[in-house]
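Below: one structure, written as structure tokens.
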Amino acid sequence: MAELVVLGGALLASPESPLRCGWGVRVEGGAVAGVGPNDDLHGGHPHAEVIDARHLLLMPGFVDAHMHAYGLLAHGIPAHDVPAGFHEFLSDFWWPCVEDRLDETMIEAAMSLACHRMIRSGVTAFCDVLEAPNAPDGILDVEADVVRRAGLRAVLTTEASERIDTAHGDRLLAENARFIRAHRRNERIRGMLCLHTSFTCSESFVGRARRMMEELGCDLHLHLSESAYEPAACLERFGVLPFLWYDRLGLWNGSVLVSQAVAVDDVEIRCLAGHGVRVAHMPLSNCEVGGGVAPVPTMIAQGVRPGLGSDGYIDNPFEVMRAAFLIHKGVRKDPRVMSAEQVLHMATDWGSSAIGLPDCGTIAPGNRADIIGIDLDLDTALTPENALDQLILHRNPEDVEMTMVEGEILMRDGEVLTLDENDVRRNAKEQARRLWGRL
Numbered sequence: 002m003a004e005l006v007v008l009g010g011a012l013l014a015s016p017e018s019p020l021r022c023g024w025g026v027r028v029e030g031g032a033v034a035g036v037g038p039n040d041d042l043h044g045g046h047p048h049a050e051v052i053d054a055r056h057l058l059l060m061p062g063f064v065d066a067h068m069h070a071y072g073l074l075a076h077g078i079p080a081h082d083v084p085a086g087f088h089e090f091l092s093d094f095w096w097p098c099v100e101d102r103l104d105e106t107m108i109e110a111a112m113s114l115a116c117h118r119m120i121r122s123g124v125t126a127f128c129d130v131l132e133a134p135n136a137p138d139g140i141l142d143v144e145a146d147v148v149r150r151a152g153l154r155a156v157l158t159t160e161a162s163e164r165i166d167t168a169h170g171d172r173l174l175a176e177n178a179r180f181i182r183a184h185r186r187n188e189r190i191r192g193m194l195c196l197h198t199s200f201t202c203s204e205s206f207v208g209r210a211r212r213m214m215e216e217l218g219c220d221l222h223l224h225l226s227e228s229a230y231e232p233a234a235c236l237e238r239f240g241v242l243p244f245l246w247y248d249r250l251g252l253w254n255g256s257v258l259v260s261q262a263v264a265v266d267d268v269e270i271r272c273l274a275g276h277g278v279r280v281a282h283m284p285l286s287n288c289e290v291g292g293g294v295a296p297v298p299t300m301i302a303q304g305v306r307p308g309l310g311s312d313g314y315i316d317n318p319f320e321v322m323r324a325a326f327l328i329h330k331g332v333r334k335d336p337r338v339m340s341a342e343q344v345l346h347m348a349t350d351w352g353s354s355a356i357g358l359p360d361c362g363t364i365a366p367g368n369r370a371d372i373i374g375i376d377l378d379l380d381t382a383l384t385p386e387n388a389l390d391q392l393i394l395h396r397n398p399e400d401v402e403m404t405m406v407e408g409e410i411l412m413r414d415g416e417v418l419t420l421d422e423n424d425v426r427r428n429a430k431e432q433a434r435r436l437w438g439r440l
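Counted from 1, the sequence shown has number 149 at position 148 by the numbering used here; the numbering is strictly sequential.
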């Protein structure tokens with residue numbers, strides 16, 4: 002890949018880095034080769050291709066640490082007589098009306114729409130959990146083809162459980178294993194094992210997944226205590242809370258990513274931190290299902306470094322950041338809770354580490370050149386002191402003008418170059434109508 006110099010109006014290399022006005026980035030071989038004043042970069046590398054982004058703030062791309070692309074087809078879906086409880090929402094509506102009805106054409110259209118929206122809003126890497134037990138074998142390859150065309154960085158997995166039957170679960174574990182093996186050397190797309198919850202998986206099924214994780218040397222994801230339902234059900238079924246049940250099965254280590262983690266107590270949080278378990282936080286979707294608010298400030302205080310996810314619900318990273326910034330202040334009745342720096346960490350480098358991408362999330366020499374450019378024309382001054390607040394509270398997807406992954410420009414001047422917006426939106430609407438028409 003040719004040498005590239007991106008001249009910036011300002012550079013925010015990481016959440017704790019100072020705002021550097023008039024700084025840019027040099028990219029070589031898809032990685033960050035250096036940062037510095039624009040004049041030094043330009044003058045010192047006269048043969049490099051130059052991108053003039055001096056009207057933009059350059060910063061690391063956002064990371065969606067937990068999403069369900071298929072969920073975009075359900076935006077606005079008619080839901081009469083919404084079930085009152087969390088489990089009833091799943092069993093009476095979401096599973097039969099959405100997940101069990103998804104087919105390959107729907108899933109491909111949903112992933113195309115999700116990728117276009119991510120590029121447009123500055124998300125450069127994501128972890129997607131497909132929940133479609135009746136989808137055909139090879140469905141992760143279908144999603145991967147879309148991601149490859151889009152140019153994004155992704156961890157892809159399909160959720161395995163025994164909620165239909167054990168045969169379905171074993172088939173989906175095998176699909177994940179096949180995909181993991183096939184993408185071991187892929188720099189942008191990789192796989193991960195995935196379980197659902199303690200109320201849809203048996204001890205023997207979790208044991209098979211744990212052994213598979215060890216044999217493959219891969220990561221594993223599961224939903225954990227998204228509401229009070231799972232702890233209560235696990236206590237009734239197994240006599241212990243979910244975290245302790247999984248601990249008894251020998252699951253926990255630094256290769257495990259849990260999403261949600263809403264109904265967890267202080268003892269469980271200390272155990273999460275002690276075992277190095279990764280966490281993805283979904284502040285908005287937790288509100289949608291009435292699950293509650295995850296004790297993320299306590300997790301951070303214990304040393305957990307959560308990522309931030311959309312859960313396929315509100316897929317605007319700025320709104321998700323604002324939610325993480327504000328909701329915990331309201332719950333704790335303390336405006337000092339959840340600093341802008343912590344929230345931006347969650348949306349960038351903490352999120353990147355959570356999904357197993359340690360060389361992304363900051364603009365530093367040797368890291369992948371996953372960079373976005375955000376319009377600097379704010380209504381009030383952008384200063385080193387207020388840069389993070391301005392970014393989180395007062396910018397939106399339409400202010401993102403450039404998106405780059407590994408030095409490849411995916412969006413320039415607000416126009417996505419790798420996917421056709423009209424085709425993507427038309428296909429998504431058609432497939433959403435198919436899904437809704439089956440209700």
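A virtual CB, placed ideally from N, CA and C, is assigned to each residue, including glycine.
Is DSSP giving residue 398 helix, strand or coil here? For residue 398, the secondary structure class from DSSP, reduced to helix, strand or coil, is helix.
Just grab the DSSP bridge partners of residue 492 for me. Because residue 492 is not part of the residues shown, which for the chain are 2 to 440, the question remains open.
Span of the alpha helix (DSSP H) around residue 326: Looking at the DSSP string, the run of the alpha helix (DSSP H) that includes residue 326 is 318-333.
Count the other CB atoms within 10 Å of the CB of residue 76; is the residue buried (16 or more) or exposed (fewer)? Burial call: exposed.
Distance, Cα to Cα, residue 344 vs residue 20? C-alpha separation (whole angstroms): 17 angstroms.
Check whether the Cβ atoms of residue 12 and residue 36 sit closer than 8 angstroms, and answer yes or no. Result yes, Cβ atoms of residue 12 and residue 36 sit closer than 8 angstroms.
Where residue 33 falls: helix, strand or coil (DSSP): Residue 33 falls in the strand class under three-state DSSP.
Unbroken alpha helix (DSSP H) run spanning residue 286, endpoints: Taken as a continuous stretch (DSSP letters only), the alpha helix (DSSP H) holding residue 286 covers 284-289.
Measuring CB to CB, does residue 406 end up less than 8 angstroms from residue 114? Not in contact: residue 406 and residue 114 (Cβ atoms no closer than 8 angstroms).
Buried/exposed call for residue 363, threshold 16 Cβ in 10 Å: Residue burial annotation: residue 363 is buried, with at least 16 other C-beta atoms found within 10 angstroms of its C-beta.
So for residue 54, helix, strand or coil by DSSP? Reduced to three states, the DSSP call for residue 54 is strand.
Beta bridge counterpart(s) of residue 195 as assigned by DSSP: DSSP output for residue 195 lists 222 as bridge partner(s).
Quick check: the Cα distance between residue 262 and residue 39, rounded to an integer number of angstroms? In this model, residue 262 and residue 39 are separated by some 43 angstroms (Cα to Cα).
Bridge partners - residue 154, DSSP secondary structure assignment: Under DSSP, residue 154 shares a beta bridge with 126.
Confirm, please, whether the CB-CB distance from residue 73 to residue 421 is below 8 angstroms. No, the pair does not count as a contact, with Cβ atoms beyond the cut-off.
Tell me where the beta strand (DSSP E) around residue 374 begins and ends. Looking at the DSSP string, the run of the beta strand (DSSP E) that includes residue 374 is 372-376.
So, for residue 390: in the same chain, excluding its five sequence neighbours on each side, which residues have a beta-carbon less than 7 angstroms away from its beta-carbon? For residue 390, same chain residues with a beta-carbon under 7 angstroms away, outside a window of 5 residues either side, are 341 in chain order.
For residue 440, count neighbouring Cβ atoms within 10 angstroms of its own Cβ and tell me buried if that reaches 16, exposed if not. It is exposed - the Cβ of residue 440 has fewer than 16 other Cβ atoms within 10 Å.
Go ahead and label residue 144 buried or exposed: buried means 16 or more other beta carbons lie within 10 angstroms of its beta carbon, across all protein chains shown. Burial call: buried.
Residue 120 and residue 155 closer than 8 angstroms at C-beta: No, the Cβ-Cβ distance between residue 120 and residue 155 is not below 8 angstroms.
Limits of the unbroken alpha helix (DSSP H) element including residue 213: Where residue 213 is concerned, the enclosing alpha helix (DSSP H) stretches over 204-217.
Identify, in the order they occur along the chain, each residue of the same chain with its Cβ nearer than 8 angstroms to the Cβ of residue 201, setting aside the five sequence neighbours on each side. Taking residue 201 as the centre and dropping the five residues before and after it, the same chain places the C-beta of 162, 163 and 164 closer than 8 angstroms to its C-beta, in chain order.
Check whether the Cβ atoms of residue 304 and residue 351 sit closer than 8 angstroms, and answer yes or no. Contact: no.
Going by DSSP, which residues form a beta bridge with residue 447? Summary: the structure shown does not reach residue 447, with the chain confined to residues 2 through 440, and so no result is reported for it.
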